[in-house]
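J.: Supplied in structure tokens, the structure appears directly below.
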Amino acid sequence: MTHDYLISVIRTAVPAAVGALLAWLASQAGIVLDGDSSTALTAGVVALTMGAYYALVRVAEARWPWLGVLLGTPAAPRYEAPGR
3 MTHDYLISVI RTAVPAAVGA LLAWLASQAG IVLDGDSSTA LTAGVVALTM
53 GAYYALVRVA EARWPWLGVL LGTPAAPRYE APGR
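Take any residue in the sequence shown, count from 1 to its spot, add 2: that is its number in the working numbering.
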């Protein structure tokens with residue numbers, strides 16, 4: 003179970019890091035906003051980018067399993083029903 007837990011954490015953290023990186027790159031593009039708007043926009047961009055990245059990679063991974071490496075590890079965790 004610990005191994006599957008670690009895989010699930012990695013496959014969540016990598017899209018978060020990609021979303022944060024893309025949001026940072028967008029901030030470096032020279033867009034100037036006031037502080038409150040900038041914070042809200044950054045949080046929204048990170049969340050949307052993370053979700054879109056994860057969804058896109060999962061769809062691609064269904065067709066080409068080796069693309070799972072784009073989520074940090076090529077193997078998806080295997081969950082078992084409780085009591086097994």
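We put the beta carbon where it would ideally sit given N, CA and C, even for glycine.
1. What are the boundary residues of the alpha helix (DSSP H) that R65 is part of?
2. Could you check whether P67 and D6 sit closer than 8 Å to each other, using their CB atoms as the reference points?
3. In whole angstroms, give me the CA-to-CA distance for M52 and V16.
4. Distance, Cα to Cα, A25 vs A18?
5. Would you mind sorting V59 into buried or exposed? The rule is 16 or more other CB atoms within 10 Å of its CB.
6. Quick test of your reading: L73 and A62, contact by CB under 8 Å. State the CB separation rounded to the nearest angstrom.
T.: Checking against the coordinates, here is how it stands:
1. Numbered from its first residue, the sequence shown carries residue 65 at position 63. Its alpha helix (DSSP H) spans residues G37 to R65.
2. On the sequence shown, residue 6 is found 4 positions in, with the first residue counted as 1. On the sequence shown, residue 67 is found 65 positions in, with the first residue counted as 1. No, they are not a contact pair.
3. In the sequence shown, counting from the first residue as 1, residue 52 sits at position 50. In the sequence shown, counting from the first residue as 1, residue 16 sits at position 14. About 9 Å.
4. Here residue 25 corresponds to residue number 23 of the sequence shown, with the count starting at 1. Here residue 18 corresponds to residue number 16 of the sequence shown, with the count starting at 1. Roughly 11 Å between the two C-alpha positions.
5. Counted from its first residue, the sequence shown places residue 59 at position 57. Per the 10 Å Cβ criterion, buried.
6. Here residue 73 is taken as the residue at index 71 of the sequence shown, counted from 1. Here residue 62 is taken as the residue at index 60 of the sequence shown, counted from 1. Contact doesn't hold; Cβ gap of about 10 Å is too wide.
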